[in-house]
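Chemist: Here's a structure for you.
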Amino acid sequence: MRKKRKAIYAILAATLLGSMIAGCAGGKSEGTQGTEGTADNGGGEKTEARTLKIMAGVIGGKTPEENGLFEKEIERLTGITVKLEKPASDYDKKLLAAVSSGEKFDLLQISKEKMNTFIEQGILTPLTDKVKGSETLSDPNVIPSEEWAQVETKDGEIYGVFTKYQGGTMPIVRNDWLKKLGLPEPKTLDDYYTVLKAFVEQDPDGNGKKDTYGLSTAGMYELQGFFSAAGLKQRYVEKDGKLDVPYSTDAAIPIYEWLAKLYKEGILDPNFATNDTGKMRDLFLTDRVGMITYWDAWVGMLNNTRKEQDPNTEFEAKGLPGAVGPDGNHMLRRGDPDVWVIPVNAENPETAFEFIEWWHSKDGIILGSLGIKDHDYTEQNGKYELTQTGKEHAMDHGVPFWYNKNVEPPFGKLPGVQEAQDLLAKYASLELTPPRWADAEKIINEYSFKAIMGQMPAADAVKKCGKS
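Just so we're aligned: the sequence shown equals residues -24 to -1, 1 to 444 in mature numbering (1 follows the signal peptide of the UniProt record, and there is no 0).
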């Protein structure tokens, strides 16, 4: 798998390098169209076309049709003509396939992990000087100065600019079920077991059937709140100059055994290993499970979704700090940021950077959050009102939260979000995500699943992870 992945990246890098050379080699006579993506202004000076080709995973419309409206809205607000490609699924695979086939993009929305990989392959444009020279991006009120450390390389270069403020993950509980069953918020791992078991056995949805689970996850996705009980962080940590994966150490064994107990007793959703995040959320929204592990922003979006369906609902999602650790503290995860990057073969890099700056302006933030004017919201004299479509979209077109302190949320924050963010501010920290984390993650997931599903003793699974 690693050899195959390296081969793909090598092809991708070579393709992009070839595109650069080809782009520089083709000359045109004066006064005609210059190299693709530029035009001669009559004085011999090349100016970029105000067009952009963008590929994004979550930024844009909620449907292909709405994506077209999103493109038109960008053009209305910026004068830039945009072609936005937003795959419905398997974003990373389609991104790699498109770029390695020679397809050119001016902007890509990617994860920090993917950015690190692309930096290694030499296929991204360094943006350090542009960021430092940008009146917008160098303003600490737009992006706090200390945040740039998240995306800087060891030599201080910047290749990616934040697409949004990235929150963090935590256990999210049906707080209305806690109240209904008279249960306190769990603090220790034993408390969590008691609560999750009650969600299975005490009919929290009130339908007279034993048809609820205590916990559902999307595989090993965001279990930091439980591994907190052992003081273990997800992904890599640096120890004595070496990289270590805490989930693959002996200290993790009791947590795997705890999860295996949940699975054996029918408290953990039996489909956890094959769930995607959508299936996990649906179980939570349809009264099938009492707790999931997910992002802080979704506390508000889950509450908003049920409220839109039924204004009188008692449904209440609430973020929790996870299980208390041996030092008496909690350990949550601050997510790696998503970033805008400009490939080295971008045809309109100056226009792309102009767009990045605009994305952090009020107009860009309103588009990325509320959405499209007269479709998701209406505005008159500075007063905003969401349409029914906008309410369903929960003010998230890729930017549920942002850094810019000069832009206030027009409707405040969705229910439960501020409390969740307060927990993250108190307990969450960033994680180290080297370029090839995905390779290690597959191995960890493989043996973690075996331990949780009782196919292998937890101690043996941990040893397998450590040797791989």
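Idealized CB from N, CA, C, for every residue including glycine.
1) By how many angstroms is the C-alpha of L235 removed from the C-alpha of G304?
2) Return the Cβ separation of L103 and V137 in integer angstroms, given the expectation that the two are a contact with Cβ distance under 8 angstroms.
3) Classify S337 as helix, strand or coil using the three-state DSSP reduction.
4) Within 10 angstroms of the Cβ of S65, are there 16 or more other Cβ atoms? Answer buried if so, exposed if not.
5) Hey, K367 and N117: beta-carbon distance below 8 angstroms or not?
6) Return the chain-ordered ranges of every beta strand (DSSP E) run that is complete within the segment 348 to 390 and spans a minimum of 3 residues.
7) Check the DSSP bridge columns for E61 and list the partner residues they point to.
8) Quick one: residues in its chain with C-beta nearer than 6 angstroms to the C-beta of Y223, no 5 flanking neighbours on either side, listed in chain order?
9) Can you tell me which of the three DSSP states M146 falls into?
10) Using DSSP's beta-bridge definition, name the partner residues of F94.
11) To the nearest angstrom, how far is it from the Cα of P313 to the Cα of D187?
12) Can you name the residues that DSSP bridges to D152?
13) In terms of DSSP beta bridges, what is T77 paired with?
14) Near Y353, which residues of its chain fall below 7 angstroms by C-beta distance, leaving aside the five closest residues on each side in sequence?
15) Counting Cβ pairs, one atom from each stretch, are 3 or more of them under 8 angstroms apart for the segment 168 to 178 and the segment 121 to 132?
16) Could you pull the DSSP bridge partners for Y270 from this structure?
17) Please name the residue in F81, I148, Y135 whose C-alpha comes closest to that of residue 454.
18) If the criterion is Cβ atoms closer than 8 angstroms, does the pair G195 and A249 meet it?
19) For the beta strand (DSSP E) containing G295, list its first residue and its last residue.
20) Could you give the C-beta distance for G344 and H373, rounded to a whole number, given that I count them as a contact under 8 angstroms?
21) Ordered along the chain, which non-local residues of its own chain (more than five positions away) have a Cβ less than 8 angstroms from that of E333?
22) For the alpha helix (DSSP H) containing S87, name the first residue and the last one.
23) Does the distance from the CB of L60 to the CB of A32 come in under 8 angstroms?
24) Along the chain, where does the alpha helix (DSSP H) containing L399 start, and where does it finish?
25) Would you call the segment 275 to 288 in contact with the segment 36 to 54, where contact means no fewer than 3 C-beta pairs closer than 8 angstroms?
26) Quick one: using the 10 Å Cβ neighbour count with 16 as the cut-off for buried, is G37 buried or exposed?
27) Note down, in chain order, each residue of its chain lying with its Cβ closer than 6 angstroms to the Cβ of M432, except the 5 sequence neighbours on either side.
28) Got a sec, what are the start and stop residues for the beta strand (DSSP E) L308 sits in?
29) Would you say H306 and Y403 are within 8 angstroms of each other, going by their C-beta atoms?
30) Which same chain residues, not among the five before or five after N324, have their C-beta less than 7 angstroms away from its C-beta?
31) List the residues that DSSP assigns as beta-bridge partners of L191.
32) Report the residue from K338, I318, K389 whose alpha carbon sits nearest the alpha carbon of F329.
33) Is DSSP giving V171 helix, strand or coil here?
34) For D245, count the other beta carbons within 10 Å of its own beta carbon; 16 or more makes it buried, fewer makes it exposed. Which is it?
35) Can you tell me whether DSSP reads G136 as helix, strand or coil?
36) I need the boundaries of the alpha helix (DSSP H) containing W413, first residue and last residue.
Modeler: On the basis of the coordinates in this document:
1) 21 angstroms
2) Distance from L103 to V137 at the Cβ level is roughly 7 angstroms; contact confirmed, criterion being Cβ atoms closer than 8 angstroms.
3) coil
4) Per the 10 Å Cβ criterion, exposed.
5) N117 is positioned such that its CB atom lies no closer than 8 angstroms to that of K367.
6) 353 to 356, 359 to 362
7) According to the DSSP secondary-structure assignment, E61 is paired through a beta bridge with M31.
8) I420
9) The three-state secondary structure of M146, taken from DSSP, is strand.
10) According to DSSP, which records beta bridges pairwise, F94 is partnered with nothing at all.
11) 37 angstroms
12) Its beta-bridge partners do not exist; DSSP assigns none.
13) One detail in the question is off: residue 77 reads as Ser in this sequence, not Thr. Answer by DSSP bridge pairing: none, since S77 is not bridged.
14) Cβ within range, chain order: L346, G347, Y360, E361, L362, T363, G366.
15) no
16) M146
17) Because the chain spans -24 through 444 in this model, residue 454 falls outside it and cannot be assessed.
18) Yes, these two residues count as a Cβ contact at 8 angstroms.
19) 293 to 295
20) 5 angstroms
21) S110, T112, L113
22) No alpha helix (DSSP H) holds S87; the beta strand (DSSP E) holding it covers 83 to 87.
23) yes
24) 393 to 403
25) no
26) buried
27) Its chain contains K426 as the residues whose beta carbon lies nearer than 6 angstroms to that of M432, once the 5 sequence neighbours on both sides are disregarded; these appear in chain order.
28) 308 to 310
29) yes
30) G13, E24, A25, T27, L28, D82
31) By DSSP's assignment, L191 forms a beta bridge with L244.
32) I318
33) helix
34) buried
35) Residue state, collapsed to three classes: strand.
36) 413 to 428
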